[in-house]
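Have a look at the structure below before the remarks.
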Amino acid sequence: VPTVAALRTDCLEWLDVGDPDAAVDASGVDEVDAAGVQLLVSLSRTLAARGRPLRLHAPSGPLRDACRTLGAHALIDASADGDHR
Amino acid sequence: MSRPDDTDPDTLFIAEALPAFVSEAREQIEGIEQLLLQLETAPDDRELLDALFRCAHTVKGSAGLFGLDAVVDFTHHVETLLDRLREGQLLLTPALSTLLLRSNDEIRSLVDAAAGQGTEDRREGREALVERLRDAAGDTRAAQDAVADADAPAGPGRWRVSVAFGTDTFRNGMDPLAILAYLGGLGRLTSIACRDTAVPPLEHLDPESCHLGFDLELETDACRKEIEHAFAFVRDDVELEMRRIDGSCSEPQADDTAAAAAQTDVDAAAGPGATAARAARPKAPPATSGCQPIASTR
Chain S
1 VPTVAALRTD CLEWLDVGDP DAAVDASGVD EVDAAGVQLL VSLSRTLAAR GRPLRLHAPS
61 GPLRDACRTL GAHALIDASA DGDHR
Chain G
86 MSRPDDTDPD TLFIAEALPA FVSEAREQIE GIEQLLLQLE TAPDDRELLD ALFRCAHTVK
146 GSAGLFGLDA VVDFTHHVET LLDRLREGQL LLTPALSTLL LRSNDEIRSL VDAAAGQGTE
206 DRREGREALV ERLRDAAGDT RAAQDAVADA DAPAGPGRWR VSVAFGTDTF RNGMDPLAIL
266 AYLGGLGRLT SIACRDTAVP PLEHLDPESC HLGFDLELET DACRKEIEHA FAFVRDDVEL
326 EMRRIDGSCS EPQADDTAAA AAQTDVDAAA GPGATAARAA RPKAPPATSG CQPIASTR
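So the protein sequences, as listed, match chains S and G. Our numbering numbers the first residue of the first sequence as 1 and each following residue consecutively. Our numbering numbers the first residue of the second sequence as 86 and each following residue consecutively.
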């Protein structure tokens, strides 16, 4: 949770750059909690409102597990590399 | 135990060492209180739970050296419950924490009595506490077996669970991820959907506030109470609805009121049961959503 505030700021800056094809590099996520997944859901909604999908690049095992446990399958299914399992 | 013979070596030893025991026991008792308070914000902290157990164990052990049977007997029950907690067999609910704080006061007054500072013997109150400690700890397994028996004719059930976590969930140190993972461990989550639309877009998101809600279906042998137990740590700050959907045992329709009532039952239902919290809330109304065969509630 302490890091989500910083991540949100990063995400907002990243959004401002506005590269429509950008993907989030999610390969280095060693640990994630529900607050982290919530941030991704929020980011995904924000992008969707701008007509862009959230593309996670190479989501790590822990991130995949967390998204599945929390029923946020869409985040994983839309991952940039298409490697779903 | 204490003999009037002043020259008896045991009596002399006790007279000389007792103040040290009393002083040390009071330190441990103070430690128990501090640990219980710390655990209120981290109820599953294994190190704190271990430390808590050791405090009680130390008091019991040294009281035994002095033949202070009342201290030993009572503290033994506290220790048993603390052992269940540190082994993760029970959750330290607020109600359980209250029971332990009261029990700790009882140990303190027993030690005071041993030090010759007691005013009155509160035997009756003590026996009531022992009863509640036993309910909370010792009978858990039997209660769970009884639960299994009660549910056995119905076999595995399918449940539809809707849960909306409260805004302060993260700030309270709780992680819905851990709770849902625990829930999955009760059986098989056949479906789960995150309510994305409840999560604000990034511009409006307070990332430390929880906006998460889920709709899920669970196949499990667990009964309603066991499923509710997964939410024990957040029960003051969660909207929970659950309904059995396999048709073998129809549940009362859950509306918000029923869900709130069910939540109350988690910590307040009377009688022995799977969660210790119940034993600590004698004022409980009769359970309406218990582990009895569910059809009987209709």
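Backbone N, C-alpha and C define an ideal beta-carbon position, used for all residues, glycine too.
Would you tell me roughly how many angstroms separate the C-alpha atoms of residue i and residue j, rounded to the nearest one?
i	j	result
S:H64	G:A249	At residue 64 of chain S the sequence reads Arg, which differs from the His that was named. Distance between the alpha carbons of S:R64 and G:A249: 22 Å.
G:D322	G:F255	11 Å
G:L290	G:R309	34 Å
S:G71	S:H57	19 Å
S:G61	S:V4	19 Å
G:D130	G:E109	25 Å
S:P116	S:S27	Nothing about residue 116 of chain S can be read from this structure; chain S reaches only from 1 to 85.
G:S188	G:L214	7 Å
S:A49	G:A278	20 Å
S:D67	G:L150	The residue asked about is misnamed: residue 67 of chain S is Cys in this sequence, not Asp. About 55 Å.
G:F316	G:I264	7 Å
G:L121	G:L195	19 Å
S:S44	G:R329	33 Å
S:A34	G:G201	54 Å
G:E112	G:V144	10 Å
G:T275	G:Q119	42 Å
Let me know if residue i comes out buried or exposed under the rule of 16 or more other beta-carbons within 10 Å of its beta-carbon.
i	result
S:E13	exposed
S:Q38	buried
G:A100	exposed
S:V17	exposed
G:E164	buried
S:R85	Per-residue confidence for S:R85 stands at a pLDDT of 38, beneath the threshold of 50, marking its modelled position as unreliable; the derived number appears in the next sentence. Classification for S:R85: exposed.
I believe residue i touches residue j by the beta-carbon criterion, under 8 Å. Please report the beta-carbon distance rounded to the nearest angstrom.
i	j	result
G:L303	G:L271	7 Å
G:I192	G:F159	6 Å
G:I117	G:L134	In fact, because the Cβ distance is near 12 Å, the residues do not count as touching under 8 Å.
S:L15	S:L40	Contact doesn't hold; Cβ gap of about 13 Å is too wide.
G:A141	G:L167	5 Å
S:S42	G:L262	With 8 Å as the limit, S:S42 and G:L262 do not qualify as a contact, their Cβ atoms being about 16 Å apart.
G:L186	G:A221	Their Cβ separation, rounded to whole angstroms, is 13 Å, which puts G:L186 and G:A221 out of contact at 8 Å.
G:A266	S:T69	5 Å
G:M259	G:F299	Rounded, the Cβ-Cβ distance is 14 Å, inconsistent with contact.
Who are the Cβ neighbours of residue i in its own chain at under 6 Å, not counting the five residues just before and after it?
i	result
G:A199	L153
G:E324	A249
G:L177	L124, P128 and L170
G:A155	L195
Is residue i near the ligand PLP, judged by its Cβ being under 7 Å from some heavy atom?
i	result
G:D322	The model on display carries no ligand, and the ligand PLP is accordingly not part of it.
How far does the beta strand (DSSP E) with residue i in it reach, from first residue to last?
i	result
G:L274	G272 to C279
G:G298	G298 to T305
S:L54	S:L54 -> no beta strand (DSSP E), and no H or E assigned at all.
G:V246	G242 to F250
Using a Cβ-Cβ cut-off of 7 Å (strictly less than) and excluding sequence neighbours within five positions of residue i, which residues of its own chain qualify?
i	result
G:P104	none
G:H162	V215, L218 and R219
G:T252	S294 and C295
For residue i, collect the residues of the same chain with a Cβ closer than 8 Å to its Cβ; drop the 5 residues on either side in sequence, then sort them by chain order.
i	result
G:I312	W244, V246, L268, L271, L303, T305 and M327
G:A237	Only weak support is given to the placement of G:A237: the predicted model assigns it a pLDDT of 41, under 50, and the value that follows is read from those uncertain coordinates. Contacts found: none.
G:E293	F255 and R256
S:L7	G36 and L39
What are the boundary residues of the alpha helix (DSSP H) that includes residue i?
i	result
S:L40	A34 to A49
G:V157	D154 to R171
G:E64	This structure cannot speak to residue 64 of chain G, because chain G is shown only from 86 to 383.
G:P292	First-last for G:P292: undefined, no H or E at that position.
G:R139	R131 to L150
G:P285	Per DSSP, G:P285 belongs to no alpha helix (DSSP H) and is neither H nor E.
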